[in-house]
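Trainee: Have a look at this one.
Protein chains: 2
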Amino acid sequence: MMDGILAEKRNENDRFFLFVVDNYFKDKDLAKRVPAKPEDVIKFIDVDPHEPTTEQIDTLRDEVLSTKGLPAGVIGIGGGSIMDIAKAISLMFTNEGSSTLYQGLNLIKKPGIYHLGVPTISGTGAEVSMTAVLTGPVKKLGLKCEWTVFNQVILDPELIASVPVDKWLYTGMDTYIHCIESENGILNNAYSHAYAEQSLKLCREIFLDENAGQTAENDDKLMVASMMGGLSLTYSEVGVCHALSYGLSKILGEKHCYANCLAFQHLEDYYPEGVAEFKQMLVKHKVKLPQGISNSWTDEQITAMAQVAYNLPHMWNHAIGTDWKEKISIDLIKDLYKRM
Amino acid sequence: MMDGILAEKRNENDRFFLFVVDNYFKDKDLAKRVPAKPEDVIKFIDVDPHEPTTEQIDTLRDEVLSTKGLPAGVIGIGGGSIMDIAKAISLMFTNEGSSTLYQGLNLIKKPGIYHLGVPTISGTGAEVSMTAVLTGPVKKLGLKCEWTVFNQVILDPELIASVPVDKWLYTGMDTYIHCIESENGILNNAYSHAYAEQSLKLCREIFLDENAGQTAENDDKLMVASMMGGLSLTYSEVGVCHALSYGLSKILGEKHCYANCLAFQHLEDYYPEGVAEFKQMLVKHKVKLPQGISNSWTDEQITAMAQVAYNLPHMWNHAIGTDWKEKISIDLIKDLYKRM
Chain D
155 MMDGILAEKR NENDRFFLFV VDNYFKDKDL AKRVPAKPED VIKFIDVDPH
205 EPTTEQIDTL RDEVLSTKGL PAGVIGIGGG SIMDIAKAIS LMFTNEGSST
255 LYQGLNLIKK PGIYHLGVPT ISGTGAEVSM TAVLTGPVKK LGLKCEWTVF
305 NQVILDPELI ASVPVDKWLY TGMDTYIHCI ESENGILNNA YSHAYAEQSL
355 KLCREIFLDE NAGQTAENDD KLMVASMMGG LSLTYSEVGV CHALSYGLSK
405 ILGEKHCYAN CLAFQHLEDY YPEGVAEFKQ MLVKHKVKLP QGISNSWTDE
455 QITAMAQVAY NLPHMWNHAI GTDWKEKISI DLIKDLYKRM
Chain G
155 MMDGILAEKR NENDRFFLFV VDNYFKDKDL AKRVPAKPED VIKFIDVDPH
205 EPTTEQIDTL RDEVLSTKGL PAGVIGIGGG SIMDIAKAIS LMFTNEGSST
255 LYQGLNLIKK PGIYHLGVPT ISGTGAEVSM TAVLTGPVKK LGLKCEWTVF
305 NQVILDPELI ASVPVDKWLY TGMDTYIHCI ESENGILNNA YSHAYAEQSL
355 KLCREIFLDE NAGQTAENDD KLMVASMMGG LSLTYSEVGV CHALSYGLSK
405 ILGEKHCYAN CLAFQHLEDY YPEGVAEFKQ MLVKHKVKLP QGISNSWTDE
455 QITAMAQVAY NLPHMWNHAI GTDWKEKISI DLIKDLYKRM
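First to last, the protein sequences are chains D and G. Taking this note's numbering, I'd label the letters of the first sequence as residues 155 to 494. Taking this note's numbering, I'd label the letters of the second sequence as residues 155 to 494.
Structure representation (structure tokens):
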């Protein structure tokens, strides 16, 4: 199927595709099924050491441009990190300078090249969202604009990799948290609400009800839930959990979905029902999150994380309201981190 | 908002837009808010006399091409008929000959010109579906391909016209019936199911539960429900009701949403729960459908309608199964019409 989709685009620019594939698939069957031609570039990327960085995007862009030229398109095959890499590099092929210049809303100047997303794990919603989150020297923040969105997405539940239960749960919980945060804030609307409501229903079926678990049927459902959660947050906003999570990732290097879970379990003041249900899902799948980890953090680290979190005003504005600065302080955020 | 969206496109082709607007708005405030420039063409179209026809599309296309040239884009402002006219004419500006040549799946040869949809009544899902249904001399069938889909859609519930309760209900029931038909058939899948499930939930809130009725909140919900119902059927298929409805429209000229309701009330053999709930919604809003209308039809008319319905194999295949020809005959369909 992908071959047919790509055939139409192949003659654009310097007539080759850049495939960005999760290194996990390097020796797997899926890698053999990638419809690359001899002129194409395949990059297997190990997403485990760190989340996508501005430097990583700039380096890959410069390398491809100097050796092969401008691709006809970029195809991302993998999880949320690979989706964000594919979206970001598509934009950076046509926007000059470092990607650090474009972290924020609508800073990108030109549409990127064609980009196609093929998710192999469900939950982040990165396959449909309008942001490509990058960690730079100063901030963790997305390249967010209408051109970030993939031109096309292939949703095929048969590509969902069999992952360990904890990774499956953490990634799925990203969807769950997207919906809870999208619903609880001033930007929620009929559109984001309808998507969140259905995505939450699917999450309950996948993670909580009698047919919960890693089944083929639930792989189908999680793929749809991830998409709907991603559409919900795109038309609303994320909130307190994502702000704290960005601090954990930027300062301590924690991976996004896991960092979300570390934070969300302690946010009952903001999302009481959501946190209670989230904990039921953890119990159901016998996944235990570490407790007391903040004991090993220095005050400098906690302060730095709180500053990262505080500097995401769009999230606090949504979650707390336009007067959020009267209610949220660095000290309050530090106290939230100390709960972990 | 529309002005900003259109500004980017205005310099394409012969640098004017074609606005296709429901005649209902001719002397209303909305017509004054249409951001047309002096060079643009505004066509107010009365959709009451008949559903969109192939002849109507061909004539309008030829008239615009011969007097003004090729538009930069088409903007449709109105209900399902106007949406279908805008989608169809966008395609017919670039595909030669009569639109009758292209009634069916993937018969269109080239992408159309830019087209933007602005729905003012919710229910048909035409704002998101990949078909533009036209009635031609031989058949009622859509121009169906990926290029039929609008390039952009503005969903603004404040544009929803205040319509009489019966029209509001019939159009909303198109959404309801889309979901019931999408769900009950062999092409239903995780994607179409999730959309149908949420759309049905919204329909119950809008038409059945304690807060049912024509309220601003329900206008918001119906706009989302219509979109989700349209997406559900696009990735699945409609069924028995739409097949019968097309016969009523083609032979007797009944309008689509009303024709659906006339047929659906008698389809308890195929959709027992859906038909029961549909009847509750009619009672709730004191809308009565006529009974015994088939008494005034000739056998020739009933046979002609049954032939129209039978010649929609994609609908029967979905609703009944791949062996539908063993189960469905012209005589059986005639009996269904005689129930009306």
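The C-beta atom is built at its ideal place from N, Cα and C for all residues, glycine as well.
Residues of the region 341 to 361 of chain D with a CB closer than 9 Å to any CB of chain G: list them in chain order, please.
Mentor: Asn343, Ala344, Tyr345, His347, Ala348, Tyr349, Glu351, Gln352, Ser353, Lys355 and Leu356
Trainee: Consult DSSP for Leu323(G) and reduce its assignment to one of helix, strand or coil.
Mentor: Along the second sequence, one-based indexing puts residue 323(G) at 169. Three-state DSSP puts Leu323(G) in a helix.
Trainee: Apart from the five residues on each side of it in sequence, which residues of its chain come closer than 7 Å, Cβ to Cβ, to Leu421(D)?
Mentor: Here residue 421(D) is taken as the residue at index 267 of the first sequence, counted from 1. Only Val394, Cys395 and Val429 meet the Cβ criterion.
Trainee: Going along chain G in order, which residues have a C-beta closer than 7 Å to the C-beta of Asp374(D)?
Mentor: Here residue 374(D) refers to the residue found at position 220 of the first sequence. In chain order: Ala344.
Trainee: Looking at Lys163(G): is its Cβ nearer than 8 Å to the Cβ of Val195(G)?
Mentor: Here residue 163(G) refers to the residue found at position 9 when the second sequence is read from its first residue. Here residue 195(G) refers to the residue found at position 41 when the second sequence is read from its first residue. No, these two residues do not count as a Cβ contact at 8 Å.
Trainee: Out of curiosity, what's the CA-to-CA distance linking Ser380(G) and Ser390(D)?
Mentor: Along the second sequence, one-based indexing puts residue 380(G) at 226. Along the first sequence, one-based indexing puts residue 390(D) at 236. Roughly 20 Å between the two C-alpha positions.
Trainee: In the structure shown, what three-state DSSP assignment does Tyr268(D) receive?
Mentor: Taking the first sequence and counting its residues from 1, one reaches residue 268(D) at position 114. Per DSSP, reduced to three states, the secondary structure at Tyr268(D) is strand.
Trainee: When the distance is taken between beta carbons, is Gly232(G) closer than 8 Å to Thr274(G)?
Mentor: Stepping through the second sequence from its first residue, residue 274(G) is reached at position 120. Stepping through the second sequence from its first residue, residue 232(G) is reached at position 78. Cβ distance < 8 Å, so Thr274(G) and Gly232(G) count as in contact.
Trainee: If you follow the alpha helix (DSSP H) that Lys241(D) is part of, which residue opens it and which one closes it?
Mentor: Start at 1 with the first residue of the first sequence, and residue 241(D) comes out as number 87. Unbroken alpha helix (DSSP H) run through Lys241(D): Gly234 to Met246.
Trainee: I'd like to know if Val378(G) contacts chain D, where contact means its C-beta is closer than 8 Å to some C-beta of that chain.
Mentor: For the purposes of this step, residue 378(G) is taken as residue 224 along the second sequence, with counting starting at 1. Closer than 8 Å: yes.
Trainee: Do you know offhand how far Ile159(D)'s Cα is from Pro192(G)'s?
Mentor: For the purposes of this step, residue 159(D) is taken as the residue at position 5 of the first sequence. For the purposes of this step, residue 192(G) is taken as the residue at position 38 of the second sequence. Going from the Cα of Ile159(D) to the Cα of Pro192(G) covers about 41 Å.
Trainee: From the DSSP output, in three-state form, read off Thr289(G) for me.
Mentor: Mapped onto the second sequence, residue 289(G) falls at position 135. In the structure shown, Thr289(G) sits in a strand (DSSP, three-state: E or B).
Trainee: Checking contacts by CB at 8 Å: is Met382(D) closer than that to chain G?
Mentor: Numbered from 1 along the first sequence, position 228 holds the residue referred to as residue 382(D). Chain G, which has a Cβ nearer than 8 Å to the Cβ of Met382(D), makes this yes.
Trainee: Would you report the Cα separation of Lys442(D) and Phe432(D), rounded to the nearest angstrom?
Mentor: Numbered from 1 along the first sequence, position 288 holds the residue referred to as residue 442(D). Numbered from 1 along the first sequence, position 278 holds the residue referred to as residue 432(D). One C-alpha to the other measures close to 12 Å.
Trainee: What whole-angstrom Cβ distance do Lys409(G) and Val462(G) have, given they're in contact under 8 Å?
Mentor: Looking up residue 409(G) in the second sequence gives position 255. Looking up residue 462(G) in the second sequence gives position 308. Not a contact, Cβ separation roughly 16 Å.
Trainee: Tell me whether Val228(D) sits in a helix, a strand or coil according to DSSP, three-state version.
Mentor: Here residue 228(D) corresponds to residue number 74 of the first sequence, with the count starting at 1. Three-state result, Val228(D): strand.
Trainee: Helix or strand or just coil, what does DSSP make of Asp477(G)?
Mentor: Here residue 477(G) corresponds to residue number 323 of the second sequence, with the count starting at 1. Residue state, collapsed to three classes: coil.
Trainee: To the nearest angstrom, report how far apart Pro467(G) and Leu486(G) are at their CA atoms.
Mentor: The count along the second sequence starts at 1 and reaches residue 467(G) at position 313. The count along the second sequence starts at 1 and reaches residue 486(G) at position 332. Whole-angstrom Cα-Cα distance: 15 Å.
Trainee: When the distance is taken between beta carbons, is Val218(G) closer than 8 Å to Leu172(G)?
Mentor: Translated into the one-based positions of the second sequence, residue 172(G) becomes position 18. Translated into the one-based positions of the second sequence, residue 218(G) becomes position 64. For Leu172(G) and Val218(G), yes; Cβs fall inside 8 Å.
Trainee: Please check the pair Pro291(G) and Thr254(G), which I expect to be a contact at CB under 8 Å, by giving their CB distance rounded to whole angstroms.
Mentor: Counted from its first residue, the second sequence places residue 291(G) at position 137. Counted from its first residue, the second sequence places residue 254(G) at position 100. So it is a contact: roughly 7 Å between Cβ atoms.
Trainee: Around the C-beta of Leu259(D), are 16 or more other C-beta atoms found within 10 angstroms, so that it is buried, or is it exposed?
Mentor: Locating residue 259(D) in the first sequence gives position 105, counting from the first residue. So Leu259(D) ends up on the exposed side.
Trainee: Does the Cβ-Cβ distance between Cys368(D) and Val307(D) come in under 8 Å?
Mentor: Along the first sequence, read from residue 1 onward, the residue named residue 368(D) stands at position 214. Along the first sequence, read from residue 1 onward, the residue named residue 307(D) stands at position 153. Here residue 368(D) is Gln; the residue named in the question, Cys, does not match the sequence. Their beta carbons are not under 8 Å apart, which means Gln368(D) does not touch Val307(D) by this criterion.
Trainee: Go ahead and label Asn449(G) buried or exposed: buried means 16 or more other beta carbons lie within 10 angstroms of its beta carbon, across all protein chains shown.
Mentor: For the purposes of this step, residue 449(G) is taken as residue 295 along the second sequence, with counting starting at 1. Exposed.
Trainee: For Leu259(G), which of helix, strand or coil comes out of DSSP?
Mentor: Within the second sequence, the letter at position 105 stands for residue 259(G). Reduced to three states, the DSSP call for Leu259(G) is strand.
Trainee: Is the region 329 to 344 of chain G touching the region 296 to 303 of chain G in the sense that three or more CB pairs, one from each, lie closer than 8 Å?
Mentor: no
Trainee: So, is Thr452(G) buried or exposed, given that buried needs 16 or more other C-beta atoms within 10 angstroms?
Mentor: Locating residue 452(G) in the second sequence gives position 298, where the first residue counts as 1. It counts as exposed.
Trainee: Can you tell which of Thr388(D), Leu313(D) and Glu205(D) has the C-alpha that lies nearest to the C-alpha of Glu337(D)?
Mentor: Numbered from 1 along the first sequence, position 183 holds the residue referred to as residue 337(D). Per the Cα distances, Thr388(D).
Trainee: By alpha-carbon positions, which one of Ile474(D), Thr208(D) and Glu312(D) ends up nearest to Lys293(D)?
Mentor: Position 139 of the first sequence, counted from the first residue, corresponds to residue 293(D). When only C-alpha atoms are compared, the closest one is Thr208(D).
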